[in-house]
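A.B. asks: I'd like to ask you about the structure that follows.
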Amino acid sequence: MTGFSLLSSSQVVVERSKDKVIISGTAYYVHYVKKGETAYSISRAYGVTVDELTRENPPALYGVNEGETLRIPVREIPQDQKVQAEPVRQRRDETRFDYHKLQPGETVYSVSRLYGVAENLIISSNPGIDINRLSVGSEIAIPKRQFMTDKVEFELQDGHYIFHRVVKGESLSSIAEKYGITIRELRRENRDVRFPQVGDYLRIPVPEAVTIAVADTVSADTVPVVSEEPVLLPYPSGYTPVRDLKGSIDLAVLLPFYLGENADRTDIDSSKIVKGKKIYKVVGRPDEWIYPRSLGFIEMYEGILLAADTLRALGLDVTLHVFDIKSDTVEITRLMLEGRLSDMDLIIGPVYSHNLAIVAKYAGEAGIPVVSPVPLMNNSGLVNNPVLFMANSSLEVAQNTIALKVSEYTSNNFVFIHTDTAGNDQSVKYFKDRIFSELSSRLPYDEIRFKEFLFYNRSAFDNDSINRLSHALSDVTGNVIIIASEEAPVISETLMDIHNLSKKFDIKVFGYPALRGLENLDPKYFFELDILMYSPYWIDYIKRDVRHFNNDFRHKFLTEPAELSYAWQGYDIAYYFLSGLAIHGKDFIKHPEIHNPDLLQTEFDFRRKSVNDGFENQMLYLIRYTRDYEIQLAGKNGNPVQ
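Position one of the sequence shown corresponds to residue 1269 (the numbering used here), numbered consecutively onward.
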């Protein structure tokens, strides 16, 4: 393997791999561990810290073994670590490669698009050369398309993904079908890939190595446990009074604050170019700079702080235990091994599903309630986890609620828009079946007017998508269009087409809650289409508590939370669960329906499918964007506003 040879403190030679992959826009080396190499010597070779290496490869915390595969972020090697050796020059091979001279302003990405070759292949075809630092006029090898190798798969150390390299003729649909997953699952793991190019690497999710709960084997002479239907106690007739609280509660907050990234107060400015060369300059970050990925969770924590302060003023002794838990499992495993969560009364977080699974299993054995504070991909984690609470409803809840609502328009023509070209997306199938089920309870089956419409990018039909959609609409009856997608490009293009067609056709539009968080689309489309969408929250800025919260937030943090800020959710979750435990004790964990405090942006409606499962919030608000450019609350949980 050709590359830079570097020496560790133990004098073991570590060769930098020439194999690179790009995952979600981040470049990684793929390093194969050789005999005698250690986490320290490998990290030194690649210019990363041991913490960075173990964060990307959690098992390396306990050592590395010969033959293992590690992914290592691409970093510039400090000068004092480099071995002074000339990079190996490959012989020109014009049968296998084209040779390109770099022009001003070109990048690996732009060259990859020019030749229709993946960035990974260009990098690997030029071993020993840092392409990103070459000067204008330098020559690099571009692999010819007919010599690209067939599909390559390799599994990373964490076991959650394999990587598939796209070959000619493949599409997202065919790749998803090959691996037995849905297009939605494939797109979720590769959000930066809309139309895969030959040579691109895609992340393919594989079953989680850590399951949330493992069922005990039932022997022949034992009686299997039958899942019982949960019993609901009466709901309060009004808001639960929260006052004169007593006792103490220990709350663990497990959120990704990215403290290390926030502590780095310098950046590299490469915006200046002199004679075709980028000039790299270390610059200080502004005092107000916050690492972008941590911002939402910092706001959530600020909401939790205000909720704790409010409850302390009412007599409750609240102690917060706050931990920086990112996507790796290292820190959360350490906390559990050290017993630092064993005395908690409540845990909020973590936000990543694999860490949540670990914590839920641990907390379930100790009877500690765990709250998932952000939306998850699905609600499967609730199975056999009776102390786990999903504060955000899953897509399934939205599908059930939308299906019930659209069935009120029995005389209309229904158009169901989705992207499941292969027909194997179970979520799309479930949604369609739910709509049919609700409609068939009101209409004879043969009177249901229902059309499926497959979304394709405009370029696929030479911008003729609007005519395709018009053929699915009726000019005799009203039309109900359901957009069964959470993808911003799909929603945006579809809404623009519907907006143009609304001048000719009577149209009502329904969509998933993701519609409300859509960016980069003119809000006029929502208002002029009189769109109806379900949302997990509704903030009435006239309410006294809301105005009081805004004032406190402004006073303490010198700003106000935006409508989509996690600060509101952090406050509501902490206030709801802390007050519920203080007032009702352990009964609250089994029957959260007995508690209904006045919150800021939601009313939690937790339900579960069986007594062995966890709880999912069912509350959704029906929001209408009117043609008078007003946003109105039209109902909640399928019922109109009283």
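Note that beta-carbon positions come from the ideal geometry of N, C-alpha and C, so glycine has one too.
Assess contact between the segment 1788-1801 and the segment 1530-1548, defined as three or more Cβ pairs (one per stretch) separated by less than 8 Å. Is contact present?
C.D. replies: no
A.B. asks: Since Asn1885 sits in a beta bridge, which residues does DSSP pair it with?
C.D. replies: As a position in the sequence shown, residue 1885 is number 617, starting the count at 1. Bridge partners of Asn1885: Phe1874.
A.B. asks: Could you have a look at Arg1892 and say whether DSSP puts it in helix, strand or coil?
C.D. replies: For this step, residue 1892 is matched to residue 624 along the sequence shown. If DSSP states are grouped into helix, strand and coil, Arg1892 belongs with the strands.
A.B. asks: Please tell me whether Leu1741 and Leu1707 are closer than 8 Å, where the distance is taken between their beta carbons.
C.D. replies: Taking the first residue of the sequence shown as 1, we reach residue 1741 at position 473. Taking the first residue of the sequence shown as 1, we reach residue 1707 at position 439. Their beta carbons are not under 8 Å apart, which means Leu1741 does not touch Leu1707 by this criterion.
A.B. asks: Name the one or two DSSP bridge partners that His1589 has.
C.D. replies: Taking the first residue of the sequence shown as 1, we reach residue 1589 at position 321. Partner(s): Ala1520.
A.B. asks: Between which two residues does the alpha helix (DSSP H) holding Pro1757 run?
C.D. replies: The residue given as residue 1757 occupies position 489 in the sequence shown. That run of the alpha helix (DSSP H) goes Ala1756 to Leu1769.
A.B. asks: Going by CA-CA distance only, name the one from Asp1881, Leu1522, Glu1374 and Arg1456 that's closest to Glu1497.
C.D. replies: The residue given as residue 1497 occupies position 229 in the sequence shown. The shortest Cα separation from Glu1497 among Asp1881, Leu1522, Glu1374 and Arg1456 belongs to Asp1881.
A.B. asks: Return the CA-CA distance between Ala1444 and Leu1454, expressed in angstroms with no decimal places.
C.D. replies: Stepping through the sequence shown from its first residue, residue 1444 is reached at position 176. Stepping through the sequence shown from its first residue, residue 1454 is reached at position 186. Going by the C-alpha atoms only, they are around 6 Å apart.
A.B. asks: Is Val1777 near Lys1719, with beta carbons less than 8 Å apart?
C.D. replies: Here residue 1777 corresponds to residue number 509 of the sequence shown, with the count starting at 1. Here residue 1719 corresponds to residue number 451 of the sequence shown, with the count starting at 1. No, the Cβ-Cβ distance between Val1777 and Lys1719 is not below 8 Å.
A.B. asks: If you measure between the beta carbons of Phe1856 and Leu1846, is that distance less than 8 Å?
C.D. replies: For the purposes of this step, residue 1856 is identified with residue 588 of the sequence shown, where counting begins at 1. For the purposes of this step, residue 1846 is identified with residue 578 of the sequence shown, where counting begins at 1. Between Phe1856 and Leu1846, the gap from beta carbon to beta carbon reaches 8 Å or more.
A.B. asks: Only counting runs of 4 or more residues, tell me where the alpha helix (DSSP H) segments fall wholly within the segment 1513-1580, in order along the chain.
C.D. replies: Listed in chain order, the alpha helix (DSSP H) runs fully inside the segment 1513-1580 are 1527-1531, counting runs of at least 4 residues.
A.B. asks: Checking 8 Å against the spacing of the C-beta atoms, do Ile1626 and Ile1600 come in under that value?
C.D. replies: Within the sequence shown, residue 1626 is the residue found at index 358, counting from 1. Within the sequence shown, residue 1600 is the residue found at index 332, counting from 1. Yes, the pair counts as a contact, with Cβ atoms nearer than the cut-off.
A.B. asks: Nearest by alpha-carbon distance to Ala1409: which of Trp1836, Thr1587, Pro1395 and Asp1366 is it?
C.D. replies: Taking the first residue of the sequence shown as position 1, residue 1409 is located at position 141. Per the Cα distances, Asp1366.
A.B. asks: Are Val1342 and Tyr1296 close, meaning C-beta to C-beta below 8 Å?
C.D. replies: Numbered from 1 along the sequence shown, position 74 holds the residue referred to as residue 1342. Numbered from 1 along the sequence shown, position 28 holds the residue referred to as residue 1296. Yes, the Cβ-Cβ distance between Val1342 and Tyr1296 is below 8 Å.
A.B. asks: Near Arg1875, which residues of its chain fall below 6 Å by C-beta distance, leaving aside the five closest residues on each side in sequence?
C.D. replies: Residue 1875 sits at position 607 when you count from the first residue of the sequence shown. So the qualifying residues of the chain are Gln1886.
A.B. asks: What does the alpha-carbon distance come out to for the pair Ile1636 and Leu1563?
C.D. replies: In the sequence shown, residue 1636 corresponds to position 368, counting from 1. In the sequence shown, residue 1563 corresponds to position 295, counting from 1. The alpha-carbon atoms of Ile1636 and Leu1563 are separated by roughly 28 Å.
A.B. asks: Can you round the beta-carbon distance between Tyr1314 and Arg1339 to whole angstroms, since I take them to be within the 8 Å contact cut?
C.D. replies: Counted from its first residue, the sequence shown places residue 1314 at position 46. Counted from its first residue, the sequence shown places residue 1339 at position 71. About 11 Å separates the two Cβ atoms, so there is no contact after all.
A.B. asks: Helix, strand or coil for Lys1668 per DSSP?
C.D. replies: Residue 1668 sits at position 400 when you count from the first residue of the sequence shown. Note that residue 1668 is Asn in the sequence shown here, rather than Lys. Residue state, collapsed to three classes: helix.
A.B. asks: Taking DSSP as the reference, what is the three-state secondary structure of Thr1337?
C.D. replies: Your numbering for residue 1337 matches position 69 in the sequence shown. Strand.
A.B. asks: Per the DSSP calculation, Gly1405 is bridged to which residue(s)?
C.D. replies: As a first step, residue 1405 must be located in the sequence shown, where it is residue number 137. The partner list for Gly1405 (beta bridge, DSSP) is empty, contrary to what the question assumes.
A.B. asks: Helix, strand or coil for Pro1643, going by three-state DSSP, please let me know.
C.D. replies: Counted from its first residue, the sequence shown places residue 1643 at position 375. Coil at Pro1643, not helix or strand.
A.B. asks: Use the C-beta contact count for Gln1694: other C-beta atoms within 10 angstroms, 16 or more gives buried, fewer gives exposed.
C.D. replies: The residue you call residue 1694 lines up with position 426 of the sequence shown. Classification of Gln1694: exposed, given that the 10 Å Cβ count is below 16.
A.B. asks: What are the partner residues of His1686, as DSSP defines its beta bridges?
C.D. replies: Within the sequence shown, numbered from 1, the residue matching residue 1686 stands at position 418. Answer by DSSP bridge pairing, in chain order: Leu1722.
A.B. asks: Can you find a CB in chain C that lies within less than 8 Å of the CB of Ser1675?
C.D. replies: The structure shown contains no chain C; it holds only a single protein chain.
A.B. asks: In chain order, which continuous runs of the beta strand (DSSP E) of length 3 or greater are located wholly inside the segment 1596-1656?
C.D. replies: 1614-1616 and 1638-1640
A.B. asks: Pull up the distance between the alpha-carbon of Phe1892 and that of Ile1703, whole angstroms please.
C.D. replies: Looking up residue 1892 in the sequence shown gives position 624. Looking up residue 1703 in the sequence shown gives position 435. The sequence given here places Arg at residue 1892; Phe does not occur at that position. Distance between the alpha carbons of Arg1892 and Ile1703 is about 21 Å.
A.B. asks: Bridge partners for Ala1313 per DSSP, in chain order?
C.D. replies: Looking up residue 1313 in the sequence shown gives position 45. Per DSSP, none; premise fails for Ala1313.
A.B. asks: Near Val1510, which residues of its chain fall below 6 Å by C-beta distance, leaving aside the five closest residues on each side in sequence?
C.D. replies: Numbered from 1 along the sequence shown, position 242 holds the residue referred to as residue 1510. Here the set comprises Ser1847 and Pro1865.
A.B. asks: Within 10 Å of its beta-carbon, does Ala1631 have 16 or more other beta-carbons around it, so buried, or fewer, so exposed?
C.D. replies: Numbered from its first residue, the sequence shown carries residue 1631 at position 363. With at least 16 other beta carbons inside 10 angstroms of its own, Ala1631 counts as buried.
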